[in-house]
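J.:
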Amino acid sequence: MTFFLIDNDMTKISPPSIIALDGPAASGKSTLGNKLANSLGYLFFDTGIMYRAITWIALQHDMDLRNEVMITELAQKAQIDIRPPSKNDGRPCDVLIGDKDVTWDMRGGDVDANVSVVSAYAGVRKALSEQQRRIGLRGKVVMVGRDIGTVVLPEADLKVYLDASAEERARRRYDELIARGEKSNYEEILKKVIERDRIDSTRAVAPLRPADDAIIIDSDQMDAEQVFVRVLELCK
Ligand code: DC
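Counting in numbering that gives the first Met the number 0, the final residue of the sequence shown is number 235, and the numbers go up one at a time with none missing.
#1: Tell me the DSSP secondary structure of residue 212 in three-state form.
#2: Take residue 126 and list the residues in its own chain whose beta-carbon comes closer than 6 Å to its own, dropping the five residues that flank it on each side.
#3: Pick out whichever of 195, 153, 222 has its Cα sitting closest to the Cα of residue 212.
#4: Between residue 160 and ligand 1, is there a pair consisting of the residue's CB and a ligand heavy atom that are separated by less than 7 Å?
#5: If you reduce the DSSP assignment to three classes, tell me which class residue 180 lands in.
#6: Is it true that the stretch 194-210 meets the stretch 145-159, where meeting means three or more beta-carbon pairs spaced less than 8 Å apart?
#7: Please classify residue 84: is it buried, with 16 or more other beta-carbons within 10 angstroms of its beta-carbon, or exposed?
#8: Are the beta-carbon atoms belonging to residue 24 and residue 197 less than 8 Å from one another?
#9: So for residue 137, helix, strand or coil by DSSP?
#10: Can you have a look at residue 158 and say buried or exposed, based on whether 16 or more other CB atoms are within 10 angstroms of its CB?
#11: Is the beta carbon of residue 94 within less than 7 Å of some heavy atom of ligand 1?
#12: Which runs of the alpha helix (DSSP H), 4 residues or longer, sit entirely within the stretch 54-99?
#13: In the DSSP assignment, find the alpha helix (DSSP H) that holds residue 111 and state where it starts and stops.
#14: Sort out for me which residues DSSP pairs residue 27 with in a bridge.
#15: Going by beta-carbon coordinates alone, are residue 216 and residue 228 separated by less than 8 Å?
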């Protein structure tokens, strides 16, 4: 006779340890990832910050962004530090380059317009994704990006690909900038979102695409809370 031991105690099922959250620009990944990490007690790691930091440093030093060799060297040497938020101004974390707090500088229009070029360089991606993978493999992490489920952590326990139309994403980014008191133009933002999508999804190395085993969520008709509840259900 065979006996089956069935454990009905759901509290013993632990949530996935490595959660990969990918999707296009402004699809709400950071908001979702931050909330999810807080509720699970996990590390929130937005990998886009690293590509932004390299772009920001290059712009500050008037470097030629088309010079792949120079930008790659910069990515290999740069000391980027991510720390828990020191201010209550909506930031999910502090981003420091040396001693300088650059958290909001990296969300500026200049960085937005140039970061896709920098993140398309193979050497830059190699340098940064190695660091991301090392941190992610420690587990208990929600890692947000474009290629986490496909390249950085293909062994992730849960992969979510968060999508939304370009128009909806541009509207969200516009609202965000206005809320921060910055001047903003919807049409301009939409143009940039479409251009970044094009570069991110057609680049030769690690293009933006859902992993085969990712769960795709279209958030056009959902608010941030509904998306959060849906992903929390997936975790359980
Ligand atoms: O998510 P974000 O807008 O902060 O990302 C900034 C840029 O970095 C964006 O153009 C895509 C790129 N990126 C990437 O190529 N791979 C990642 N894992 C994260 C971001």
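The beta carbon of each residue, even a glycine, is placed where N, CA and C say it ideally should be.
T.: Well, looking at it:
#1: Mapped onto the sequence shown, residue 212 falls at position 213. In the structure shown, residue 212 sits in coil (DSSP, three-state: anything other than H, G, I, E or B).
#2: Counting from one through the sequence shown, the residue named residue 126 turns up at place 127. Within the same chain, residue 126 has close Cβ partners 74, 75.
#3: For this step, residue 212 is matched to residue 213 along the sequence shown. Measuring from the Cα of residue 212, the nearest candidate turns out to be 153.
#4: Against the sequence shown, residue 160 aligns to sequence position 161. For ligand 1, not one heavy atom lies less than 7 Å from the Cβ of residue 160.
#5: Start at 1 with the first residue of the sequence shown, and residue 180 comes out as number 181. Coil at residue 180, not helix or strand.
#6: yes
#7: Position 85 of the sequence shown, counted from the first residue, corresponds to residue 84. Result: exposed.
#8: Taking the first residue of the sequence shown as 1, we reach residue 24 at position 25. Taking the first residue of the sequence shown as 1, we reach residue 197 at position 198. Their beta carbons are not under 8 Å apart, which means residue 24 does not touch residue 197 by this criterion.
#9: Counting from 1 along the sequence shown, the entry for residue 137 is found at position 138. In the structure shown, residue 137 sits in coil (DSSP, three-state: anything other than H, G, I, E or B).
#10: Reading the sequence shown from its first residue, position 159 is the one you call residue 158. By the neighbour-count rule (16 or more Cβ atoms within 10 Å), residue 158 is buried.
#11: The count along the sequence shown starts at 1 and reaches residue 94 at position 95. It does not: the Cβ of residue 94 is nowhere closer than 7 Å to a heavy atom of ligand 1.
#12: 67-76
#13: Start at 1 with the first residue of the sequence shown, and residue 111 comes out as number 112. Counting along the chain, the alpha helix (DSSP H) containing residue 111 begins and ends at 108-117.
#14: Indexing the sequence shown from 1 puts residue 27 at position 28. In the DSSP output, where bridge partners are listed per residue, residue 27 has none listed.
#15: As a first step, residue 216 is located in the sequence shown; it is residue number 217 there, counting from the start. As a first step, residue 228 is located in the sequence shown; it is residue number 229 there, counting from the start. No, the Cβ-Cβ distance between residue 216 and residue 228 is not below 8 Å.
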